[in-house]
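The sequence shown begins at 332 in the working numbering and counts up one residue at a time. Just so it is clear, CB atoms sit at the ideal spot from N, CA and C, and this is done for glycine as well. Quick notes on the structure that follows.
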Amino acid sequence: MNDAGRRQWLKLAASSVLAPWTGACTPEGGASRIDRILGVGEALTTSVHRAIVPRSAMAREFAPAMISPDFRPNGSTDPQTPGYLEHSAAGFEDWRLRVEGLVDRPLALDLASLRAQPARTQITRHDCVEGWSSIAKWSGARLGPLLARAGLRKDAKFIVFHCADDLDDSADGSGLYYESIDLVDAFHPQTILAYDMNDAPLPIQHGAPLRLRVERQLGYKHAKYVMRVEAVASLDAFGKGRGGYWEDRGYDWYAGV
Ligand SMILES: Nc1nc2c(c(=O)[nH]1)N[C@H]1C(S)=C(S)[C@@H](COP(=O)(O)O)O[C@H]1N2
Ligand SMILES: [Mo]
């Protein structure tokens, strides 16, 4: 396809696929993944998604009345690793978020310092790959300014989130949840490390004391129980090298909604 042709196609795709897709999606539970509509493999899905929905676009935000009365907890809801149990028993008083890897100034921030960072509050819909959705209000530190404060280096390409929960109760840490995003998502204004849910401190079942919100992607990207944020040049060194706990077990790394 030549350039004019591609532009034509994108216009067509945007008007025939995207318009009804964004306009008609029900507030809860609607099939909103463009790749589901197109029904194609990951490589094409990712490029099509990125081509017709600019990655800088904002995820839809909702009115307070739309907040789900019972937001469904999923995956780990009560981590049992010894370090986590100590922190939760102490009300996360000595807990610190570490920001490290390819940064000039590694950080170790307690919750009070995180609350003093540039923040954002947003009411968004969480879409789980299993087919359910819930809406909540999230407040947290914006990831972009945090990385800038840490002096993110030019060779950093991905941000890895290391979590406290081990889904396999593994002895060697191979079952620890982790996730990763690229810098486009890391610096997106709606990408936050959330400490509040619906105006109250994040409950344990939803990821206390801190969880990622990366609103342009599916639920499993939203790492709960985040202990450490690591800037890296490659994802090869983690798990099976696919960029996340579920990715290592077959899920797509880019999970656009
Ligand atoms: N650390 C960690 N993060 C996680 C999970 C998990 O099991 N452990 N599950 C993921 C999945 S599949 C979903 S749908 C959401 C669920 O978030 P919720 O419990 O707030 O609904 O968290 C995601 N983040
Ligand atoms: Mo999920």
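How many Å lie between residue 390 and residue 422 at the Cα? Residue 390 and residue 422 have their C-alpha atoms some 32 Å from each other.
As an exercise, report each continuous alpha helix (DSSP H) stretch of at least 4 residues that is fully enclosed by the stretch 388–463, in chain order. Runs of the alpha helix (DSSP H) inside the stretch 388–463: 413–420, 442–446.
Got a sec? Which residues, its chain only, sit under 6 Å from residue 361 by beta carbon, not counting five neighbours each side? Summary for residue 361: the model assigns pLDDT 41, below 50, so the residue's position carries little reliability; its value from the coordinates is reported in the next sentence. Around residue 361, the same chain offers no residue with a beta carbon nearer than 6 Å, after the five sequence neighbours per side are excluded.
Hey, is residue 550 close to ligand 2, as in C-beta under 8 Å from one of its heavy atoms? Under cutoff, so the answer is yes.
What first and last residue would you give for the beta strand (DSSP E) that runs through residue 580? No beta strand (DSSP E) holds residue 580; DSSP gives it neither H nor E.
Considering only their Cβ atoms, is the gap separating residue 507 from residue 576 smaller than 9 Å? For the 9 Å CB-CB criterion, residue 576 and residue 507 form a contact.
Specify the secondary structure class of residue 543 as computed by DSSP and reduced to three states. Residue 543 falls in the strand class under three-state DSSP.
Cβ-based burial, residue 511 [other Cβ within 10 Å; buried from 16]: Residue 511 is buried by the Cβ-count criterion.
The stretch 465–475 touching the stretch 437–457, judged by at least three CB pairs closer than 8 Å: A contact is defined here as three or more CB-CB pairs under 8 Å, and the stretch 465–475 meets this definition with respect to the stretch 437–457.
Exposure of residue 591, with buried meaning 16 or more beta-carbon neighbours within 10 Å: Outside the displayed range of the chain (332 to 588) lies residue 591, so it cannot be described from this structure.
Only counting the same chain, and skipping five residues up and downstream in sequence, which positions put a Cβ closer than 8 Å to that of residue 448? Counting only Cβ-Cβ distances below 8 Å, and skipping sequence neighbours, we find 440, 472, 473, 476, 477, 480.
Per-residue burial, residue 522 [other beta carbons within 10 Å of its own, 16 or more giving buried]: Of the residues assessed, residue 522 falls on the buried side of the cut-off, its CB having 16 or more other CB atoms within 10 angstroms.
Inspect the beta-carbon positions of residue 557 and residue 433 and report whether they are closer than 9 Å. The Cβ atoms of residue 557 and residue 433 lie no closer than 9 Å to each other.
What span of residues does the beta strand (DSSP E) with residue 524 cover, start to end? Going by DSSP, residue 524 is part of the beta strand (DSSP E) stretching over 523–528.
Output needed for residue 396: all residues of its chain with C-beta closer than 7 Å, excluding positions within five of it in sequence on either side, in chain order. Excluding positions up to five away in sequence, the list is empty.
Does the stretch 487–498 come close enough to the stretch 564–571 to have 3 or more Cβ pairs within less than 8 Å? Enough Cβ pairs lie closer than 8 Å, so yes.
Cβ neighbour criterion (16 or more within 10 Å) applied to residue 463: By the beta-carbon neighbour count (other beta carbons within 10 angstroms, threshold 16), residue 463 is exposed.
Between the alpha carbons of residue 405 and residue 482, how many angstroms are there, rounded? Residue 405 and residue 482: Cα-Cα distance of roughly 34 Å.
Using a Cβ-based criterion (distance less than 8 Å to any ligand heavy atom), does residue 404 qualify as near ligand 1? In this structure, residue 404 has its CB closer than 8 Å to one or more heavy atoms of ligand 1.
Are the beta-carbon atoms belonging to residue 525 and residue 542 less than 9 Å from one another? Taking C-beta atoms as the reference points, residue 525 and residue 542 count as a pair closer than 9 Å.
Beta-carbon proximity check, residue 458 vs residue 533, cutoff 9 Å: In this structure, residue 458 sits away from residue 533, with a CB-CB distance that is not shorter than 9 Å.
Helix, strand or coil at residue 537 according to DSSP, with G and I counted as helix: In the structure shown, residue 537 falls within a helical segment according to DSSP collapsed to helix, strand and coil.
Kindly indicate which residue of 538, 585, 528 has the alpha-carbon position closest to the one of residue 399. Checked all of 538, 585, 528; the closest Cα to residue 399 is 528.
Thinking C-alpha only, which one of 409, 428, 552 is nearest residue 579? Residue 552 is the option with its Cα nearest to residue 579.
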